[in-house]
Each structure stands twice: as structure tokens, then as C-alpha cells.
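Chemist: Chains as they are written, first to last, in our numbering: chain S, 97 to 333; chain X, 97 to 333.
Protein chains: 2
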Amino acid sequence: MTAPAYRRLSVEERRGQLIDTALALFAHRPPEEVSLDEVAAAAGVSRPLVYRYFPGGKPQLYEEALGSAADELRECFAEPQSGPLTHRLSRALDRYLAFVDGHDAGFAALLRGGSAAETARTDAIVDGVRRAAAEQILLHMRVPEPGPRLRMMVRTWLAGVEAASLIWLDEGKQPPLDELRDWLVDHFVALLAATAAHDPQTAGITRAALAAERSDGAVGRLARRVVPVVEDSLHLL
Amino acid sequence: MTAPAYRRLSVEERRGQLIDTALALFAHRPPEEVSLDEVAAAAGVSRPLVYRYFPGGKPQLYEEALGSAADELRECFAEPQSGPLTHRLSRALDRYLAFVDGHDAGFAALLRGGSAAETARTDAIVDGVRRAAAEQILLHMRVPEPGPRLRMMVRTWLAGVEAASLIWLDEGKQPPLDELRDWLVDHFVALLAATAAHDPQTAGITRAALAAERSDGAVGRLARRVVPVVEDSLHLL
Numbered sequence: 097m098t099a100p101a102y103r104r105l106s107v108e109e110r111r112g113q114l115i116d117t118a119l120a121l122f123a124h125r126p127p128e129e130v131s132l133d134e135v136a137a138a139a140g141v142s143r144p145l146v147y148r149y150f151p152g153g154k155p156q157l158y159e160e161a162l163g164s165a166a167d168e169l170r171e172c173f174a175e176p177q178s179g180p181l182t183h184r185l186s187r188a189l190d191r192y193l194a195f196v197d198g199h200d201a202g203f204a205a206l207l208r209g210g211s212a213a214e215t216a217r218t219d220a221i222v223d224g225v226r227r228a229a230a231e232q233i234l235l236h237m238r239v240p241e242p243g244p245r246l247r248m249m250v251r252t253w254l255a256g257v258e259a260a261s262l263i264w265l266d267e268g269k270q271p272p273l274d275e276l277r278d279w280l281v282d283h284f285v286a287l288l289a290a291t292a293a294h295d296p297q298t299a300g301i302t303r304a305a306l307a308a309e310r311s312d313g314a315v316g317r318l319a320r321r322v323v324p325v326v327e328d329s330l331h332l333l
Numbered sequence: 097m098t099a100p101a102y103r104r105l106s107v108e109e110r111r112g113q114l115i116d117t118a119l120a121l122f123a124h125r126p127p128e129e130v131s132l133d134e135v136a137a138a139a140g141v142s143r144p145l146v147y148r149y150f151p152g153g154k155p156q157l158y159e160e161a162l163g164s165a166a167d168e169l170r171e172c173f174a175e176p177q178s179g180p181l182t183h184r185l186s187r188a189l190d191r192y193l194a195f196v197d198g199h200d201a202g203f204a205a206l207l208r209g210g211s212a213a214e215t216a217r218t219d220a221i222v223d224g225v226r227r228a229a230a231e232q233i234l235l236h237m238r239v240p241e242p243g244p245r246l247r248m249m250v251r252t253w254l255a256g257v258e259a260a261s262l263i264w265l266d267e268g269k270q271p272p273l274d275e276l277r278d279w280l281v282d283h284f285v286a287l288l289a290a291t292a293a294h295d296p297q298t299a300g301i302t303r304a305a306l307a308a309e310r311s312d313g314a315v316g317r318l319a320r321r322v323v324p325v326v327e328d329s330l331h332l333l
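1) Assign Gly-202 (chain X) to one of two classes, buried (16 or more other C-beta atoms within 10 Å of its C-beta) or exposed (fewer than that).
2) Chain S partners of Arg-320 (chain X), CB-CB under 7 Å?
3) Alpha carbon to alpha carbon, how far is Ile-115 (chain S) from Leu-105 (chain S)? Give it in angstroms, no decimals.
4) Which stretch, first to last residue, makes up the alpha helix (DSSP H) that contains Arg-310 (chain X)?
5) Should Ala-308 (chain S) and Pro-176 (chain S) be called a contact, given that it needs their Cβ atoms to be closer than 8 Å?
6) Determine whether the Cβ of Asp-282 (chain X) lies closer than 8 Å to any Cβ atom of chain S.
7) List, in chain order, every chain S residue whose beta-carbon is nearer than 9 Å to that of Met-248 (chain X).
8) Report yes or no: is there a C-beta of chain X within less than 8 Å of the C-beta of Asp-190 (chain S)?
9) Since Leu-157 (chain S) and Ala-204 (chain S) should fall inside the 8 Å C-beta cutoff, what is the C-beta to C-beta distance between them, to a whole number of angstroms?
10) Counting only runs of 4+ residues fully inside the region 214-290 of chain S, write out the alpha helix (DSSP H) ranges in chain order.
11) Please classify Gly-153 (chain S) as buried or exposed, where buried requires at least 16 neighbouring CB atoms within 10 angstroms.
12) Quick check: the Cα distance between Gln-113 (chain S) and Asp-190 (chain S), rounded to an integer number of angstroms?
13) Determine, using beta carbons only, whether Phe-284 (chain S) and Trp-253 (chain S) come nearer to each other than 8 Å.
14) Using the three-state DSSP reduction, which class does His-294 (chain S) fall into: helix, strand or coil?
15) Using only the alpha-carbon positions, how far apart do Glu-171 (chain X) and Ile-221 (chain X) sit?
16) Could you list which residues in chain S have their beta carbon closer than 8 Å to that of Glu-309 (chain X), in chain order?
17) So with Cβ pairs under 8 Å, would you call Pro-244 (chain X) a contact of chain S?
18) Helix, strand or coil, according to DSSP, for Ala-299 (chain S) in the structure here?
19) The alpha helix (DSSP H) that contains Ala-138 (chain X), what's its start and end?
20) Measure how close the beta-carbons of Leu-193 (chain X) and Leu-276 (chain X) come, nearest whole angstrom, since I'm counting them as under 8 Å.
21) So the alpha helix (DSSP H) His-199 (chain S) belongs to, where does it begin and stop?
22) Does any CB atom of chain S fall closer than 8 Å to the CB of His-294 (chain X)?
23) Any heavy atom of the ligand ATP closer than 7 Å to the CB of Gly-163 (chain X)?
24) Just to confirm, is the Cβ distance from Ile-301 (chain X) to Val-239 (chain X) under 8 Å?
25) Could you give the DSSP three-state label for Arg-125 (chain X): helix, strand or coil?
26) Would you please verify whether the beta carbon of Ala-120 (chain S) is less than 8 Å from any beta carbon of chain X?
27) Assuming Leu-119 (chain X) contacts Ala-161 (chain X) under a Cβ cut-off of 8 Å, what Cβ separation, rounded to an integer in Å, is found between them?
28) Does Ala-174 (chain S) come out as helix, strand or coil in the three-state DSSP assignment?
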């Protein structure tokens, strides 16, 4: 049972092991339900040893586990700058949604708020991830100086992705992840087009992004599906 | 100074006056910064009198002020079931955004979370408003049994409206409210179309909604602005 306690780990290895263990526990249950004793037991070490590494106890351990999860989340949006924009977005969303799937209860507890473990510092970590994701997406649009409309569009879409992820968890992880991903990509395309109607900078980016799309890609698929829905409404043009 | 204290108010009137006074103070500053003494002074009554009405002190007063604001917000989405859907949505958003404008700091503090005044009960109040808004919108779509995709679409859009409202407050209330409102209506139309591409129920509702639109309305305006942006991309169809 306690064998792992006797493995010789360096200070950094032990710290990392405790954070990983805590994250695995915090991922599937609200922070209130995870005790420090449980983290110690799962890591095969004593409670005093956990305190030696994390003198702040559970709040500190939670915050560090969250910081480690935030690093992982930030990585989701790192993507090579090549290929159609919707392909890149689709791959980023695949990673993001896999993260949501793998940290379901912890993700929901954190974003729903109202948790006793929530502090100004944990809020700042979450906001940091949001900002990093928005920056990544704007980078992919190759805009050196994104205007307020474009920034609002990206952040609004990201808020929608978060909301949809929480609803998806509530609904017993339905629809299947790849359908949710495709819908969120389509949401992005639709919101980009709607914003292009209001903002010349976004219009320019949308034209450039569309020129790089392929007819068997996300935009082509979306367009072919939307046309039959709107084709009786040409009187509006 | 203290003249209002001597007005004879009934118990219900006094309660209402204290809640209105508290709400006016909580509207423009985070709850931490508003003291019970300040509420008493602004209402022209003594501190003990506030406690007589709200034995739970500031937390109770905050919660009741929030409940009163929630009632007001819920009213924003009540709208007669006639005319094009985008007109109704536009009027509801006018009221909602006027509320955000009039309760700026309190609205931001509440939705940003991390506030000491936030509890499971205040969270439940906020969630109640979200649910009521979603129900209202679904009612206007005349769907007796909305499927999961349509519900997810409406709730995702509402999350985007909240996020855009917070960004709007951060950006010094730019762009002007009517531009923000039009953009949010266009966001709704775009998201509805994107969802129609994935879901037959949403496709049916979208067709019916489009048939009721007028060419000088929101959808006509959006379509005429989007066409020039996408017209070079017919290769995708």
C-alpha cells in the first residue's frame, strides 16, 4: 500500500507527483469533497509530508493543481499557423474538449463558482487562461492590432465555448464530442461573418480566412447545409 | 438630513424603500465597498431600524436587493409574441442592456464572482434569471418541446450576451448601446443558422422565423452586409 512512499524522488519530482495526484482527485470531484488526507493517501505519503511541500495546506495544493491544469489548458490553443483557420480551431477544440471531458467535475465546480475554494487568485488563474486563448486565436488571424469588435467577438465566442462545455457536462456528455466540436467551429464561423457585417477589419480577416478554406472543410460543409434553410428567404436581400 | 426617517411608511413600504436604497448603492460599487451604515444613511433611517427589517444584516440586504434586481432583469425578456423574432429580441436586449448600464459595477462584481458577498443563494438567483431568459426566448420560438441542440444554442447565446456586456463595461461602455444590441441580434441570427445546419428542429424554426422577417429588418440588413464578404467564396458551395 505505502510502497510508493519509499521511492526516492527529488524535491521537484515529489512536488510534481503531489500536484498531479491532487489534480487527478480535484478533476472529478468538487474541491470541498477532496481532503488533504486523501491526497496524501493517494500519493502514498504521510500528511506531514504533504504539509512540508505545501505549508498552506489544501488551499495551496488546490491552487497549484489549478495552475498546472491552466498550463495544460493554455497548451490546447497552441497550434501551428498553417492550413485553413477552421482546421486549426477544430484541432484546438479537440484538445480543449478532451480536457473538459477529463476534468469534468473539477472544471464545472471551478467555472460555476460559489466554491469555497474559489479566491481572487484562482479567479485570476482562470482569467489568465481565457486571455491566453483569446490571444492565440487572434494570432492565428494574423492581426497585429485587433480592434475592439474583433476582440469582443473572440472573447464572446470563448464564453460560448465555456457555456456549451458546462451544458455538455450537465447533459451527460451529449452530443458526442466531435459533434459538439463541429458545432462550436460553425458557431465561430457564423459569429465571424456576423461581426464582419459591422466591422471592416473583421470583414478583411473573414475574406482572407474564407479564401484559405477548402470546399470539403468546415465552412463548405456549413454553407451547403445552411443554403437549404435560407433559400426561401431571398426576399430579404 | 434625516427628514425621510419621519415619514410614516408601512412595513412593506419601508422594506421596499430599504431594498431600493441598497440596490442603488450596490449597483455602482462592489458589495464589499457598501456598508450597512451607508444604506441606513442613504435611506435616512438608523442602523438598528435596518437590522429590524433585515436581521441578517448586510448579506441579507444584498441578497434581497439582488432578488429585486433579478425580478427586474426577468421582466426585460417579457415581450409580446408578435412581429418578427429579431424585433422582439432587439427590444428585450434594449431593456437588458439598459439594466447593465444602470447597474454597471454591481452587475460586473456579481457576474465576475470572487466576491465575498457571493454565496450559493446569490448564485441560484443569477441562475434563475438565466433560466427564465432562456425559457422566454424558447417561448417566442413557439417550440413546445425544444430539443437539446436548440436549448444549448439559446443558452450559449445568452452566455455570449453576458460576456459581451462585461466586456462593454470594461471598455468604458463602447460601442454605443444600439450598436452592441444590433451586433448581439446578428449574433443570435448567425448562431441560429449555424445550429440549423446541425438540427432539423432548429432548421424548421429558422425557416419560420425568416418567413416572418421584413427586408428592412435585422436579418435583411445582416444578409446585405454579409453577401459582399462571402461572395468571392462560392467555390466552397
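No residue lacks a Cβ here, since even glycine has one placed at the ideal position from N, Cα and C.
Computed from a predicted model, the values in this text were never measured in an experiment.
Modeler: Reading from the atomic positions:
1) buried
2) Leu-333
3) 14 Å
4) That residue, Arg-310 (chain X), is in no alpha helix (DSSP H); it is neither H nor E in DSSP.
5) no
6) yes
7) Ala-259, Ala-260, Ile-263, Trp-264, Glu-267, Pro-271, Leu-276, Trp-279
8) no
9) Between Ala-204 (chain S) and Leu-157 (chain S) the Cβ distance is about 20 Å, and since that is not below 8 Å, they are no contact.
10) 216-236, 244-266
11) exposed
12) 26 Å
13) yes
14) coil
15) 14 Å
16) Ser-329, Leu-332
17) yes
18) helix
19) 132-139
20) 6 Å
21) Note, His-199 (chain S): premise wrong, no alpha helix (DSSP H); not H, not E.
22) yes
23) As far as ligands go, the structure on display features none, and thus does not contain the ligand ATP.
24) yes
25) coil
26) no
27) 4 Å
28) coil
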